[in-house]
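Just so we're aligned, residue -10 is where the sequence shown starts under this note's numbering, counting upward by one.
We treat Cβ as the ideally placed atom computed from N, Cα and C, and that holds for glycine.
Here the structure is a predicted model, which is why all the values come from computation and not from measurement.
Remarks on the structure that follows.
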Amino acid sequence: MSAQYFAQIDANNVVISVAVVTAEFMAENPDRYPGTWVETFFDNPDKTYAGLGFIYDEQTQNFYAPPPPPAIPTN
């Protein structure tokens, strides 16, 4: 089996971890992979590969980069 990519998301759908593992291995080892995990795709041009801090959108089933922090004014 080939590796798959999964992102662990928190209650706010923010990515807190990314793992390269098969779905079968995750299912067989729930203690190692607690919480909510969503598949992310490294080689799909229609999907964004998840990174730490990215936000998962359940409607589109895709990940989006977090918004940039507000600019610090310089005087």
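Original post:
Got a sec? Which residues, its chain only, sit under 7 Å from Y53 by beta carbon, not counting five neighbours each side?
Top reply: The residues are T37, F43, I44 and D46.
Original post:
In its own chain, which residues sit with a C-beta less than 7 Å from the C-beta of P55, not counting the 5 before and 5 after it?
Top reply: Only G42, F43 and I44 meet the Cβ criterion.
Original post:
Going straight from the alpha carbon of T49 to that of D35, what length do you get?
Top reply: Rounded to whole angstroms, T49 and D35 show a C-alpha spacing of 11 Å.
Original post:
Which class does A39 belong to by DSSP, given the choice of helix, strand or coil?
Top reply: Look at A39 here: in three-state DSSP terms it is coil, with no helix or strand label.
Original post:
The beta strand (DSSP E) with F52 in it runs from where to where?
Top reply: Where F52 is concerned, the enclosing beta strand (DSSP E) stretches over N51 to Y53.
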